[in-house]
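Student: If you use the numbering used here, the sequence shown closes out at 270, no skipped numbers anywhere.
Using N, Cα and C, we set each Cβ at its ideal position, and we do this for glycine too.
Keep in mind that this is a model prediction, so the values were computed, not measured.
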Amino acid sequence: MTLPRQRGLTEQAADAAIDTACRLLRLPSIRNEFTEIADRAIKDQMTYRGFLAELLMTECDDRARRRSERRIKAAGFPREKSLRAFDFDANPNIDAATVHTLASCEWIKKSQPLCLIGDSGTGKSHMLIALGTEAAMKGYRVRYTLATKLVNELVEAADEKQLNKTIARYGRVDLLCIDELGYMELDRHGAELLFQVLTEREEKNSVAIASNESFGGWTKTFTDPRLCAAIVDRLTFNGTIIETGTDSYRLASTRARAEAPAAAS
């Protein structure tokens, strides 16, 4: 399709031509915002080049935002969590500087692991999701899963002769976030399948885990001592370990809310 071109278009005709061209060129952000940007350009006395740059940067910024949103959605996070919303004052065990360094995602670039270890309610899952979200926003492919869900998926894949395909799919993402590792005992077969995923990713792509058990207690999850040691080795080599402590932030918050009405009365 060739658009008719003529000099001296009226404002209405120019708007219609811009709208049509943006549809053809698939420039939705420019199409939606060109009127506002044009009005601002007149007010600010922009040059033609400045106006063009403003239009193109608007489209580029919006495309980057949409790509980021798609990556976050593809990660499969169960809820939204951000570092901005994390209360570091409530848990002094977690060093804010360390976490913000992790948010730069240099450890993912280097294919290093991350372990968040601590009791329930100490911020492990919040931190895991928030750091995963930061990675997705910076362009990394991220996948979040519960440990038991991952193992069940691997067992089903093995039964259906799709194990290699499933392991390869988990191996391709830049960051695999495994939550609630250590909450339930895994049989030897399930533990061995999880080990295969970790081996596939070793020193090639990052793994971040959250566990309510210290490494010494992982023998309750991975009952084979040698397999347990191998898994711990893969999850800690050249990695970062953050111990979130034993004092539940959620429990403390609940108690504070319950005590507030009593104190007021």
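Tell me, please, which residues DSSP counts as bridged to A215.
Tutor: Note: A215 sits in a beta bridge opposite L121.
Student: Using DSSP's beta-bridge definition, name the partner residues of R148.
Tutor: Paired residue(s): L181.
Student: Looking at the unbroken alpha helix (DSSP H) that takes in G250, where does it start and where does it end?
Tutor: First-last for G250: 245-250, but that is the beta strand (DSSP E), not the alpha helix (DSSP H).
Student: Which whole-angstrom value describes the C-beta separation of L199 and V156, a residue pair presumed to lie in contact below a C-beta threshold of 8 Å?
Tutor: Yes, they are in contact, since the Cβ atoms of L199 and V156 sit about 6 Å apart, within 8 Å.
Student: Applying the 10 Å Cβ sphere with the 16-neighbour rule, what's the burial state of S211?
Tutor: Answer is buried; the Cβ neighbour count reaches 16.
Student: Can you tell me which residues form a DSSP beta bridge with F227?
Tutor: Looking at the DSSP assignment, F227 forms a beta bridge with L191.
Student: DSSP three-state call for L186: helix, strand or coil?
Tutor: Note: L186 maps to strand in three-state DSSP.
Student: Can you check whether the CB of S116 is closer than 9 Å to the CB of D67?
Tutor: No. Outside cutoff.
Student: Indicate the three-state DSSP secondary structure (helix, strand or coil) for D20 in the structure shown.
Tutor: DSSP places D20 in helix when its eight states are reduced to three.
Student: Please go through the same chain and pick out, in chain order, the residues whose beta-carbon is closer than 7 Å to the beta-carbon of T171, but skip the five residues on each side of it.
Tutor: Counting only Cβ-Cβ distances below 7 Å, and skipping sequence neighbours, we find E158, L159, A162.
Student: Output yes if chain D places a C-beta closer than 9 Å to the C-beta of L107; else output no.
Tutor: The chain labelled as chain D is not found in the depicted structure, where only one protein chain is given.
Student: Closest to M62 by C-alpha separation, out of I42, N217, V178, would be which residue?
Tutor: Comparing Cα-Cα distances from M62 to each of I42, N217, V178, the minimum goes to I42.
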